[in-house]
Structures are given as C-alpha cells and as structure tokens.
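See structure below.
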Amino acid sequence: MLPQFLTAALALATGALASPTPRSNETKNDWDLDWISTDPSLPKVIIYSTGGTILSASNYSRLDNIAYGDGDNPTAEDLIGNVTEVLRVAQLAVVPFAPAPGGSAGVNSSLYLNVSQHANRQLCAEGSDVAGAVMLHGTDTLEETSFGVDLTFNCSKPFVATGAMRPDTYVSPDGYSNIYQAVAAAASPSSRDRGALIAFNDRITSVYYSTKLNANTPDTFKALEQGSLGAFLAGQPFYFFGAAYPTGRPHFDMSDTTELPAVAVVYCHQGFDASSMHAAVANGAKGLVILGPGAASLTNEAKAAAADLFEKGIPTVAAPRPASGAAVPRPVLEPVIYSSYLGGEQARVMLQLAINAGYGLEAIRDLFEHPLRSAVYDNPASRELYYP
C-alpha cells in the first residue's frame, strides 16, 4: 500500500499520457508533468515507464522468476511507493508507455523514438529545470532501446536505463535497488556528459558498449571490453573516470521521425549459403547486419552476397558473434562494412538511423569504421605494413 502522503501526487501522475499533447504556448516544459515530491528543492527526474520484469508480478510463488503468469502487475508509482527513499534523492514525474505484447522482445524502434523525442523536449529545451531521466525497461531488449535513445538524445544531461531480473513479487526483488540507483545517477551532476547509462546491480556502464550477458541472474549488464564507468556505494554513484563520451559516438536528429527503415540481422555459421541475406532484402530490409564468427569472419557466399547487395545500394554491416572484441575494418575497402566494437544489436540500430538520415554507403562505412580504421592504419608503422 502506498504511503498516505504520496496518494494525491501519485493519483495525478497516473493520468500522464504516453504521447502527451503539447501546450498551445510551449515553454521550457512544453508537456505537462505531475511531480511526485516531498522536497521541492530536490532535482527533478523523469521516469519513463515502459514495462518489463521490474513492473511485473508472479501469481505462482515468491520464488518464481521464470513464468510470472497473470499477476497483479505494479505500476511505476507503486514501485516508488515501495522505495520511498528515492524521494529523498529527487522529485519524480512518471511518463507511462503501454508495455509491448510479449514483453520487451515485442518492442520496436517506435518506443525509443517516442522516449527520445519526449526527453529532448523536456530535458534539452533552453532553461529546462529537469536534471535527468530514467527509463524502466524489460531487460531482454533494454540495450537496443537505450542505445537508440543514446544516439538521438541531444544534451549533456543524464539518461539512465534500468530494469530487473526478478519480478516485484520475488522474495528479494532487484528492481527496488535498481530504480533507486538509477534515479540517484540521473539526479547527480557527476553523471552528465557521459552519454546514456545503464544502472544495474550496483554498476554503472555505458549504454554504447553494454549488453545483457546472462539470461537469468541479476548481474547481467556489462561492457566486458570497456569495463564499468562506476559503482554505487550506499546508493550513490561513484565514477572511476572523468566525464567523457564513447569514441565515435554520433548523434541523429529524430525530432520529426515516426518510423525507421527495416534492418535485418542474420547469423553466419558453418555452411552459411547467404540465402537468408537475399530473403531478408526481398522481404523489405534496407540494410543487413550479419553476425560473423570470431572477428566477424564471413563465408565466401556471404561476401559474394554482400558485394551483390552493395552494388544495389544496400549496406551489409558485419559484427562479431563473440560478446567482446571488435570487427576490425580490413586494410583495403570491401563491400562489407565492419562494426568495430559495436555488437549486432547496436549495429542494427545505428544502421537504421544512418539509412533513415540518408547516409550513402561510404558515409555509413565512415560512421562505423572511421575511429578504429584511423587508429589502426593511420600511422607510419601501419602504412609500411599494410600499404608497402
């Protein structure tokens, strides 16, 4: 049950719209928000509530973290009511989005477009007094939605994604600590100028490089090669490094975009004959990401298909199947574009955005390859080795 002092504020907050209607005279906050607050001096943080295990309940038992069933799912306001300590960190406004059928596996790019557009208006407008934002999301595709926001959110304020691996009814739900830590990170000035972040299980990682590494346990979101940016101690964020953005991180203006072109992901394996590449394009894909073994190695059939598609103006981006390491661009330009340190999930989102922005094939290559190509090949030793 919610504490009595929250009841009125939470009742107002539940009336917020997922796609709010702008006021006729737009101001620094041109969409109405209802703030849940016990201290008006605290920083303001928006919570984008999109569903997921963090907002799920099981009707089986307090030990169920598998099936859930048709439990009485909590709202973001319920979660705040169960973790009232979060109101000592920030004032909160909830913007709810209807959960996708089938959980976050059913989410598409329209979610991150809507979240990003709303966040840009609320946080990035001149004079905005909103300190940061948190997105509650299902963990299965959290890195895809948050990566899309990362590439389209256009100011230095913190955007922090979180979720849970255990439902709200579990004997020890991880969502309680995760929402507290995410809000603490979003409210902290030390979280600025880092790009979008994931706050999960006492760690802070960059959305740009993070992925879900375990299907079951709370200790799941990590950036194996790049490491954590920071940790939470007594609920507060501590960063190991000064503020910096990921190398080569681009920005796309999606303020007027409602739909993105289809990009398919295919899996290269022993005996791969590339028929799935042609089938994906025949079904409407405007670009492909192919997951290759090792450092994105491809069969001869896959290379031939990529060359054929390249001639037709359709890009193929090769990403590594392993969870860490890079698909390093080759010394000589090929019809295949290499994803560098981006995994397949991130490469698909970036390719969607690039195609939508009108990038040609070589501009897409430059987008994915330039930072790593420059580091590897643009020095005297490499030029002597690769370009004698």
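Those letters in the sequence shown? Residues -18 to -1, 1 to 370, per mature numbering (1 follows the signal peptide of the UniProt record, and there is no 0), in order. Ideal Cβ positions, reconstructed from N, Cα and C, are used throughout, including at glycine.
Residue span of the alpha helix (DSSP H) that contains residue i, given as start and end
i	result
Ala357	Leu343 to Tyr359
Leu291	Asn282 to Glu293
residue 382	Given a span of -18 to 370 for the chain in the structure shown, any question on residue 382 remains unanswerable.
Thr127	Leu124 to Asp132
Pro275	Pro275 to Ala278
Asn55	Taken as a continuous stretch (DSSP letters only), Asn55 belongs to no alpha helix (DSSP H), as it is neither H nor E.
Ser258	Ser257 to Ala264
Leu69	That residue, Leu69, is in no alpha helix (DSSP H); it is neither H nor E in DSSP.
Glu366	Pro362 to Tyr368
Residue i - partner residues in DSSP beta bridges
i	result
Ala115	Ile28 and Phe141
Phe203	Lys194
Ser322	Ala309
Val89	None, per the DSSP bridge assignment.
Phe220	Ala213
Val314	The partner list for Val314 (beta bridge, DSSP) is empty, contrary to what the question assumes.
Val271	Val247 and Val299
Ile18	Leu74
Closest residue to residue i among the options (Cα-Cα distance)
i	options	result
Glu67	Glu108, Asp16, Leu242 and Gln163	Gln163
Asp46	Leu118, Gly145 and Tyr152	Tyr152
Pro112	Ile28, Ile62 and Thr121	It should be pointed out that residue 112 corresponds to Val in this sequence rather than to Pro. Nearest of Ile28, Ile62 and Thr121 to Val112, Cα basis: Ile28.
Phe182	Gly209, Ala146 and Ala205	Ala146
Ala39	Asp150, Leu69, Pro304 and Tyr227	Asp150
Gly114	Gly307, Gln334 and Ala166	Ala166
Leu273	Ala261, Ile319, Asp60 and Phe292	Ile319
Tyr270	Leu105, Thr134 and His260	As written in the sequence, residue 270 is Leu, which differs from the Tyr given in the question. If we check each option's Cα against that of Leu270, His260 comes out closest.
Thr144	Ser237, Leu61 and Ile161	Ile161
Thr35	Thr123, Val263, Leu315 and Ser306	Thr123
Asn90	Asp238, Phe129 and His100	Phe129
Ala300	Val248, Ser257 and Val263	Val248
Asn136	Ala169, Cys106 and Gly307	Cys106
Gln99	Ser306, Ala168, Val77 and Asp54	Val77
Ala287	Ala75, Ala226, Ala308 and Ala262	Ala262
Distance between residue j and residue i (C-alpha atoms, nearest Å)
i	j	result
Gly230	Phe350	8 Å
Glu108	Tyr158	33 Å
Ile186	Pro370	44 Å
Ala246	Gly84	20 Å
Pro4	Trp17	Its pLDDT being 31, under 50, Pro4 is placed unreliably in this model, and the value from its coordinates should be taken loosely. The alpha-carbon atoms of Pro4 and Trp17 are separated by roughly 17 Å.
Ala213	Phe222	8 Å
Gly342	Gly295	8 Å
Met(-18)	Pro56	Residue placement at Met(-18) cannot be trusted, given a pLDDT of 41 that sits under 50; what the coordinates show is reported in the next sentence. If you take the alpha carbons of Met(-18) and Pro56, they lie about 11 Å apart.
Ala363	Gly325	29 Å
Phe(-14)	Leu37	With a pLDDT of 43 at Phe(-14), under the threshold of 50, the predicted position of this residue should be treated as unreliable, though the coordinate-derived value follows. Cα-Cα distance, rounded: 22 Å.
Leu179	Pro25	18 Å
Val189	Asp255	33 Å
Phe292	Gly266	15 Å
Pro313	Asn361	13 Å
Gly328	Tyr359	Going by the sequence as given, residue 328 is Gln instead of Gly. C-alpha separation (whole angstroms): 24 Å.
Gly217	Met236	34 Å
Ala277	Pro311	10 Å
Asn338	Val65	41 Å
Ser31	His119	7 Å
Asn103	Pro200	According to the sequence as given, residue 103 is Arg; it is not Asn. Cα to Cα, the separation comes out at about 33 Å.
His352	Pro317	15 Å
Leu335	Thr298	14 Å
Leu69	Gly33	21 Å
Tyr368	Leu315	12 Å
Asp175	Tyr42	43 Å
Pro302	Ser322	9 Å
Val97	Val116	10 Å
Exposed unless 16 or more other CB atoms sit within 10 angstroms - verdict on residue i
i	result
Gln252	exposed
Leu280	buried
Arg44	exposed
Tyr94	buried
Glu344	exposed
Asn7	Because Asn7 sits at a pLDDT of 29, beneath the cut-off of 50, its placement in the model cannot be relied upon, and the point is left open.
His233	exposed
Thr240	exposed
Ala289	exposed
Arg365	exposed
Ala284	buried
Asn11	Caution applies to Asn11, whose pLDDT of 44 falls short of 50 and renders its modelled position unreliable; the value that the coordinates give is listed next. When all chains shown are included, Asn11 counts as buried.
residue 375	Because the chain in this structure spans residues -18 to 370, residue 375 falls outside the shown range and cannot be described.
Gly63	buried
Ser356	exposed
Ser257	exposed
Tyr50	buried
Pro171	exposed
Phe220	exposed
Thr193	buried
Residue i - containing beta strand (DSSP E), residue span
i	result
Ala181	Leu179 to Phe182
Arg185	Arg185 to Ser188
Val165	Careful: Val165 lies outside any beta strand (DSSP E), inside the alpha helix (DSSP H) at Gly157 to Ala169.
Pro302	Thr298 to Pro302
Val248	Val245 to Tyr249
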